[in-house]
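Line by line, the protein sequences give chains B and H.
Position 257, counted from 1, in the first sequence is what full-length UniProt numbering calls 257; the numbers after and before it change by one each time, with no gaps.
Position 205, counted from 1, in the second sequence is what full-length UniProt numbering calls 205; the numbers after and before it change by one each time, with no gaps.
There are 2 protein chains.
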Amino acid sequence: MTVTLADVAARARVSPATVSRVLNGNYPVAAATRERVLRAVAEMDYVLNGPASALAAATSDLVGILVNDIADPFFGIMAGAAQSEIGRPEGSGRAGGAKLAVVCNTGGSPERELTYLTLLQRQRAAAVVITGGALEDPAHIAAMTAKLTRLAQAGTTVVLCGRPPLPAGGPGAPIEAAITFDNRGGGRRLTEHLLALGHRRIGYVAGPPERTTTRHRLEGHRAALRAAGITEDQDRLTRHGPYTRRSGHEATLELLRRDPGLTAVVAANDTVALGACAALRELGLRIPGDISVAGFDDLPFAVDVGPALTTVRLPLAEAGARAGRIAMGREAVPPGGLATMGATLLARASTAAPHD
Amino acid sequence: MTVTLADVAARARVSPATVSRVLNGNYPVAAATRERVLRAVAEMDYVLNGPASALAAATSDLVGILVNDIADPFFGIMAGAAQSEIGRPEGSGRAGGAKLAVVCNTGGSPERELTYLTLLQRQRAAAVVITGGALEDPAHIAAMTAKLTRLAQAGTTVVLCGRPPLPAGGPGAPIEAAITFDNRGGGRRLTEHLLALGHRRIGYVAGPPERTTTRHRLEGHRAALRAAGITEDQDRLTRHGPYTRRSGHEATLELLRRDPGLTAVVAANDTVALGACAALRELGLRIPGDISVAGFDDLPFAVDVGPALTTVRLPLAEAGARAGRIAMGREAVPPGGLATMGATLLARASTAAPHD
DNA sequence: GGAGCGATAGCAAGCGCTTTCTACGGGGTA
DNA sequence: TACCCCGTAGAAAGCGCTTGCTATCGCTCC
Numbered sequence: 001m002t003v004t005l006a007d008v009a010a011r012a013r014v015s016p017a018t019v020s021r022v023l024n025g026n027y028p029v030a031a032a033t034r035e036r037v038l039r040a041v042a043e044m045d046y047v048l049n050g051p052a053s054a055l056a057a058a059t060s061d062l063v064g065i066l067v068n069d070i071a072d073p074f075f076g077i078m079a080g081a082a083q084s085e086i087g088r089p090e091g092s093g094r095a096g097g098a099k100l101a102v103v104c105n106t107g108g109s110p111e112r113e114l115t116y117l118t119l120l121q122r123q124r125a126a127a128v129v130i131t132g133g134a135l136e137d138p139a140h141i142a143a144m145t146a147k148l149t150r151l152a153q154a155g156t157t158v159v160l161c162g163r164p165p166l167p168a169g170g171p172g173a174p175i176e177a178a179i180t181f182d183n184r185g186g187g188r189r190l191t192e193h194l195l196a197l198g199h200r201r202i203g204y205v206a207g208p209p210e211r212t213t214t215r216h217r218l219e220g221h222r223a224a225l226r227a228a229g230i231t232e233d234q235d236r237l238t239r240h241g242p243y244t245r246r247s248g249h250e251a252t253l254e255l256l257r258r259d260p261g262l263t264a265v266v267a268a269n270d271t272v273a274l275g276a277c278a279a280l281r282e283l284g285l286r287i288p289g290d291i292s293v294a295g296f297d298d299l300p301f302a303v304d305v306g307p308a309l310t311t312v313r314l315p316l317a318e319a320g321a322r323a324g325r326i327a328m329g330r331e332a333v334p335p336g337g338l339a340t341m342g343a344t345l346l347a348r349a350s351t352a353a354p355h356d
Numbered sequence: 001m002t003v004t005l006a007d008v009a010a011r012a013r014v015s016p017a018t019v020s021r022v023l024n025g026n027y028p029v030a031a032a033t034r035e036r037v038l039r040a041v042a043e044m045d046y047v048l049n050g051p052a053s054a055l056a057a058a059t060s061d062l063v064g065i066l067v068n069d070i071a072d073p074f075f076g077i078m079a080g081a082a083q084s085e086i087g088r089p090e091g092s093g094r095a096g097g098a099k100l101a102v103v104c105n106t107g108g109s110p111e112r113e114l115t116y117l118t119l120l121q122r123q124r125a126a127a128v129v130i131t132g133g134a135l136e137d138p139a140h141i142a143a144m145t146a147k148l149t150r151l152a153q154a155g156t157t158v159v160l161c162g163r164p165p166l167p168a169g170g171p172g173a174p175i176e177a178a179i180t181f182d183n184r185g186g187g188r189r190l191t192e193h194l195l196a197l198g199h200r201r202i203g204y205v206a207g208p209p210e211r212t213t214t215r216h217r218l219e220g221h222r223a224a225l226r227a228a229g230i231t232e233d234q235d236r237l238t239r240h241g242p243y244t245r246r247s248g249h250e251a252t253l254e255l256l257r258r259d260p261g262l263t264a265v266v267a268a269n270d271t272v273a274l275g276a277c278a279a280l281r282e283l284g285l286r287i288p289g290d291i292s293v294a295g296f297d298d299l300p301f302a303v304d305v306g307p308a309l310t311t312v313r314l315p316l317a318e319a320g321a322r323a324g325r326i327a328m329g330r331e332a333v334p335p336g337g338l339a340t341m342g343a344t345l346l347a348r349a350s351t352a353a354p355h356d
């Protein structure tokens, strides 16, 4: 059988209550007694029964981190930073102790997102960090709002990371805080860079239309074009698809078919840009000699593709860490519960002036 | 307050026991009664209290997945596949129901590996999947063996994925199964490919020396060289470092300093290869014209770097899925508890015959 | 020198669920 | 018609921990 609190108590010749208090450190215990208890714990190799503890205390030390795609470093970096921040023990006792930070992969599916939230609710998670852009489907937003409200009621802290706050914000919103990226500004600066180089016909390989991230980046792109007086039918030069390499590949071919005169292709993110580069190479076009390419996110590999990708850097790790700290109540909630993190243009080798 | 089983029972005009049985589906309940209960559950938006349930049933529906680096797609792909397999509901009732698969990022630290295992033990996890190569430090192996033994005793199924079984195997081993990759064979075939192209002076950028993965890949490389009669001091042409791009960059510069006559560089994995490529480009060397480069793993980006990387494909997703199924008791344990998955050579554009 | 108080430790009542054992009713069988 | 058994539902005893309350002890303070 496994060792229980009572066993430890017997060995240390104290009551179970005392052992519990030593372990939680939330009640004064004489040093000598504590010593004795800790020794018994060590000797018996005792491990607290989490479920029992959670049941009695009505709260668990589980923290969930939801990601859209665990195989994508974009999410991996945020999740890793959040997790290491959450797992960091600090202070003592249940309140400040290290939590079990777990990441759940929704695969971008709204159903699985809700399923995981239910599962976390079932576990009475202490907090939940939801990363990545949101779906703008009204039904899903309503379902999410309802679910998050229940979670908040049950005492779970909800923090968004890289996702705008729920539309139905205002007081009573179930969200502790939201950390967002300046996708719009980043998209805008990226396109301004291309415009400054002299590009006028720019193709845009966008992400899935219903995601906030997609929309914001595209809005930034369009805003830059508009500011430059380029008003021709941009829909024709834009193509939506998933955030995959394959999509970048296909979309790029399609865009060039629609308009062979393109001098630049902007991708919704670095992964898509990779596909775009591959497609262009297959067509025998040189980058940036014949055509420029730009990505978004500055994932680690962006600097290594040939040629090094011009992109926009997002402070992913910093945002994840911050979300983790806020979830743990270790960092102040930003004013209005909303913090926006800047996006930095990184002009590298994949963009250049169009050749005459 | 949150809704409890008793509340649902009252609404459905049955006993709590009956509600529990409907929810778990492990006991016959009349169709009409079940109907009534399910309606009450839906109307009240009831969510089971996981901790209470786990306490009473002495088992939880949590499954842990340990990874070394969550930002690395190598692990993300395995973890994602395992997670989706584990989260898949199948059959009904507690035994076959969907579990909460959670991934924990150890960051490659042995302490955190043990910490997470303790945390999962505390949660009374139903199973644990440990991915990635193991550390060969005797102290850590002993600690892991002890910890895994306790987990197994507590009823947790342990499955390794991409990691050799514990040395102290044999009967009573705490491990349900181990899925390994043929790193040695893959490494060997990769180097054979280079030898066949005519390379003789090959640099090797290895991973951290104490990891099994590193050792096996290097052993394959050396075996191929030996078979080809190349016996000169290979240690001089090998350099260890972490599995990072930076390490690949530095190590490559160092190796070329040691032996400017290298015609090929083999990296311990694709990420390292990326760094190697960058270093070579900085030196003004063309790949594969001046020097060939090869990676390992065939991560998604491998085909996109310029030029497309010759590498070895590991069936990461398949291995992860299989580990997940075994953890759930949904797939037979391979004979001897050990299954090795093949490694396929992918000869692409980054390798070619050395120029005279 | 006795009352009062602060510092510790123990008692015992749950937390919400599962599960064994018992109860009950309605056929089928002899 | 009496008996059994099957199918179904309920009663109740925990699962191992936390925590409010109570008990004890050694001092300090008048």
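We treat Cβ as the ideally placed atom computed from N, Cα and C, and that holds for glycine.
Query                                                                                                                         : Result
Alpha carbon of H:Leu-218 to alpha carbon of H:Ala-206, nearest angstrom                                                      : 7 Å
Runs of beta strand (DSSP E) lying entirely within the region 253-290 of chain B, each at least 3 residues, in chain order    : 264-267
Proximity winner among H:Thr-157, H:Glu-111, H:Pro-110, relative to H:Gln-121 (alpha-carbon distances)                        : H:Thr-157
Bridge partners - B:Asp-297, DSSP secondary structure assignment                                                              : B:Arg-313
Status (buried if at least 16 other CB within 10 Å, exposed otherwise) for H:Asn-105                                          : buried
B:Pro-354 to H:Ala-178 span [Cα, whole Å]                                                                                     : 54 Å
Assumed close pair B:Asp-259, B:Phe-74 - CB separation to whole angstroms, cut-off 8 Å                                        : No, B:Asp-259 and B:Phe-74 are not in contact; Cβ-Cβ is about 29 Å, not under 8 Å.
Candidates B:Ala-101, B:Asp-290, B:Val-67, B:Gly-261, of which the one nearest B:Ile-351 by Cα                                : The sequence as given places Thr at residue 351 of chain B; Ile does not occur at that position. With distances taken between Cα atoms, B:Thr-351 lies closest to B:Asp-290.
Simplified DSSP state of B:Val-63, which is helix, strand or coil                                                             : strand
CB-CB length for H:Leu-135 against H:Ile-175, believed under 8 Å                                                              : At roughly 16 Å, the Cβ-Cβ gap does not stay under 8 Å, so H:Leu-135 and H:Ile-175 are not in contact.
Straight-line gap, H:Arg-36 to H:Val-47 (C-alpha atoms, nearest Å)                                                            : 16 Å
Contact check, B:Val-29 vs B:Arg-39, beta carbons under 8 Å                                                                   : no
B:Asn-26, buried or exposed, once every other Cβ within 10 Å from all chains shown has been counted against 16                : exposed
Near-chain H residues of the region 223-238 of chain B (beta-carbon distance less than 8 Å), N- to C-terminal order           : none
Supposed close pair B:Gly-220, B:Gly-185 - CB separation, criterion 8 Å                                                       : 6 Å
Closer than 8 Å to chain B by CB, H:Thr-33                                                                                    : no
Reduced DSSP category for H:Tyr-243 - H, G, I as helix; E, B as strand; rest coil                                             : coil
Cβ pair H:Gly-324, H:Ala-82 closer than 8 Å                                                                                   : yes
8 Å Cβ cutoff, H:Val-47 in contact with chain B                                                                               : yes
Pairwise C-alpha distance: H:Cys-277 and H:His-249                                                                            : 8 Å
For residue 357 of chain H: DSSP bridge partner residues                                                                      : Outside the shown range of chain H (1 to 356) lies residue 357 of chain H, about which nothing can therefore be said.
Chain B contact for H:Ala-279 (CB, 8 Å cutoff)                                                                                : no
Every unbroken alpha helix (DSSP H) inside the region 95-131 of chain B [4 residues or more]                                  : 110-122
Backbone secondary structure at B:Ile-326 - three-state DSSP                                                                  : helix
Beta-carbon gap between B:Val-159 and B:Val-103 smaller than 8 Å                                                              : no
C-alpha distance - H:Gly-93 paired with H:Arg-330, whole-angstrom precision                                                   : Reliability of the predicted coordinates at H:Gly-93 is poor, the pLDDT of 43 falling under 50, and no value is obtained from them.
Bridge-paired residues (DSSP) for B:Val-159                                                                                   : B:Val-129, B:Ala-177
Opening and closing residue of the alpha helix (DSSP H) in which B:Leu-345 lies                                               : Segment 344-346 is the beta strand (DSSP E) holding B:Leu-345; no alpha helix (DSSP H) there.
Cut-off 6 Å between Cβ atoms - residues of its own chain near B:Pro-315, not counting five sequence neighbours on either side : Met-341
Nearest-angstrom Cβ-Cβ length linking H:Arg-124 and H:Ala-54, presumed shorter than 8 Å                                       : 6 Å
Beta-ladder partner(s) of H:Leu-194, from DSSP                                                                                : DSSP output for H:Leu-194 lists no bridge partner at all.
Extent of the continuous alpha helix (DSSP H) to which H:Ala-228 belongs                                                      : It is not in any alpha helix (DSSP H) - H:Ala-228 carries neither H nor E in the DSSP assignment.
Residue-level contact to chain B via CB, H:Val-103, 8 Å cutoff                                                                : yes
Cβ-based burial, H:Ala-139 [other Cβ within 10 Å; buried from 16]                                                             : exposed
Spatial distance of B:Thr-214 from B:Pro-208 (CA atoms)                                                                       : 6 Å
Cut-off 7 Å between Cβ atoms - residues of its own chain near H:Asn-183, not counting five sequence neighbours on either side : Thr-213, His-216, Arg-217, Gly-220, Ala-343
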